[in-house]
Amino acid sequence: MFKLNNSGTYTWPVIIKSAIDGGKYEEQSFNAVFRRISQTEIIDITGKIEAGQVNDLDIARLALVGWNGVFDGTSEIPFSDENLEKLLDVTGCASAIVLAFLESLNGAKRKN
Numbered sequence: 321m322f323k324l325n326n327s328g329t330y331t332w333p334v335i336i337k338s339a340i341d342g343g344k345y346e347e348q349s350f351n352a353v354f355r356r357i358s359q360t361e362i363i364d365i366t367g368k369i370e371a372g373q374v375n376d377l378d379i380a381r382l383a384l385v386g387w388n389g390v391f392d393g394t395s396e397i398p399f400s401d402e403n404l405e406k407l408l409d410v411t412g413c414a415s416a417i418v419l420a421f422l423e424s425l426n427g428a429k430r431k432n
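All you need for the working numbering is the position in the sequence shown, starting with 1, plus 320.
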């Protein structure tokens with residue numbers, strides 16, 4: 321069965337690779353709450369990506385509307401505009417969010 325009226329958001333895992341000693345990476349993850357966008361918006365965003373008119377920060381701010389599993393030490397950090405900006409300032413986070421978002425859209429792969 322296909323439901324035409326889906327909720328306005330959905331959760332999707334985001335995996336962030338952070339460089340660690342020895343030339344290795346450590347994977348960390350959280351569950352993103354992404355805004356569900358229309359096919360028209362997907363086409364618009366794809367065109368802007370291909371034209372270089374938007375960057376990862378722009379797309380992450382557009383798509384990410386919440387999260388679960390983002391911690392500062394032992395305490396979970398609530399989603400807010402201020403905390404989003406802190407997360408996006410961490411190297412690799414914006415790119416990981418965008419990659420997860422684009423993959424969630426019917427398996428679309430990001431072009432470099």
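Beta carbons: idealized from backbone N, C-alpha and C, even for Gly.
Owing to the predicted nature of the structure, the values given are computational and were not obtained by experimental measurement.
### Query
DSSP on I335, reduced to helix/strand/coil?
Per DSSP, reduced to three states, the secondary structure at I335 is strand.
### Query
Shortest alpha-carbon distance to F391 belongs to which of G328, K344 and Q348?
Q348
### Task
Consider the Cβ of C413: report whether some Cβ of chain B lies at a distance smaller than 8 Å.
No chain B is present in this structure, which holds just one protein chain.
### Message
Which residue wins for smallest C-alpha separation from L425, given the options I397, T331 and K344?
### Response
T331
### Query
F322: buried (16+ other C-beta within 10 angstroms of its C-beta) or exposed?
exposed
### Task
Could you tell me the distance, in whole angstroms, from the CA atom of L408 to the CA atom of G328?
Answer to the nearest angstrom: the Cα atoms are 23 Å apart.
### Query
Quick one: complete alpha helix (DSSP H) runs, 4+ long, within the stretch 352 to 406?
359 to 370 and 376 to 383
### Task
Could you please give the first and the last residue of the uninterrupted alpha helix (DSSP H) stretch that includes V418?
C413 to S424
### Query
Under 8 Å, do I417 and V334 count as touching if we go by C-beta distance?
Note that the C-beta distance between I417 and V334 is below 8 Å.
### Distance CB(F421)-CB(F354) smaller than 8 Å
Yes, these two residues count as a Cβ contact at 8 Å.
### Task
Return the Cβ separation of I379 and I363 in integer angstroms, given the expectation that the two are a contact with Cβ distance under 8 Å.
Not really, about 14 Å apart at Cβ, beyond 8 Å.
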